[in-house]
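A quick write-up on the structure given underneath.
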Amino acid sequence: MRPTTYAKDSTALLFVDPYNDFLSEGGKIWPRVKAVADEVNLLENLRQVTKAVRRAGMKIFIVPHRRWEPGDYECWCHPNPTQIAIIKRHSFARGEWGGDWHPDFAPQAGDIIVKEHWAQSGFANTDLDQQLRQHGVTHVIVVGLLANTCIESTSRYAMELGYHVTLVRDATAAFTMEMMHAAHELNGPTYAHAILNTHQMLAALAC
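Every number in our numbering is 5 more than the matching position in the sequence shown, counting from 1.
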């Protein structure tokens, strides 16, 4: 298979859920991802990938989860297990530190902040597809959290809509390495057009 080329005008980075609760010490979910995040060098890899994307002149789309507010999900007929957990722990609470952007990954001028997703796919019930198409994007590079939930759901949906999908296996994390294995070794090859590590991604962006 020939290596993928990433044209500046048609490639975008999708950065999923760059919240303090996920990525910062003291975040509500950070303790559950910390071991895997440290093992794969998540934070530094995210810094390198975002820097390389900006240097290449490509767009960055911030793909945020719904910020919890009182009453969310409580009267729903079918909240999923993650949403039930959010009711209990108030993940990404609107107006609180945990629901703010990690300072290293806060949106910059020119970045596009997509409407918040309620479940796992950044496309479902949001404007992500419209925003990508209006900006001429055909190739998406997907990073952020979690590998086996929002990253996988967003990436699968992107493939279904006709986008070329690249996963960066060490620019994401999950609660266990088994979940990472499932995301990248078992499930990823069924929908992703490329699965790279950060070193390989940086080299491809430099071409």
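Idealized CB from N, CA, C, for every residue including glycine.
In its chain, beyond the 5 residues on either side, K13, T16, A17, L18 have a beta carbon closer than 7 Å to the beta carbon of M63. Between V173 and V54, the gap from beta carbon to beta carbon is short of 8 Å.
In the DSSP assignment, F66 falls within the unbroken beta strand (DSSP E) covering 64-68.
With at least 16 other beta carbons inside 10 angstroms of its own, Q88 counts as buried. Along the length of the stretch 76-101, whole alpha helix (DSSP H) runs at least 4 residues long occupy 86-94, reported in chain order.
Annotation: E74 to G127 spans about 19 Å, alpha carbon to alpha carbon. DSSP places G149 within a strand segment (E or B) once states are collapsed to three. If you draw a straight line from the Cα of H83 to the Cα of A124, it comes to about 11 Å. Y24 carries a strand assignment under DSSP once its states are collapsed to helix, strand and coil.
Under a 10 Å Cβ-count criterion, T177 is classified as buried, with 16 or more other Cβ atoms of the shown protein chains found around its own Cβ. Remark: three or more beta-carbon pairs, one from each stretch, lie closer than 8 Å, so the stretch 153-167 and the stretch 190-206 are flagged as touching.
In the DSSP secondary-structure assignment, V173 is bridged to L201. Per DSSP, the continuous alpha helix (DSSP H) segment holding V38 begins and ends at 35-45. Under the three-state reduction of DSSP, T195 is assigned to helix.
Nearest Cα to P8 within the set F180, T171, E183, A187: T171.
The DSSP-derived three-state label of L133 is helix. Per DSSP, the unbroken alpha helix (DSSP H) holding E165 starts and ends at 157-165.
In the three-state reduction of the DSSP assignment, H122 falls in the strand class.
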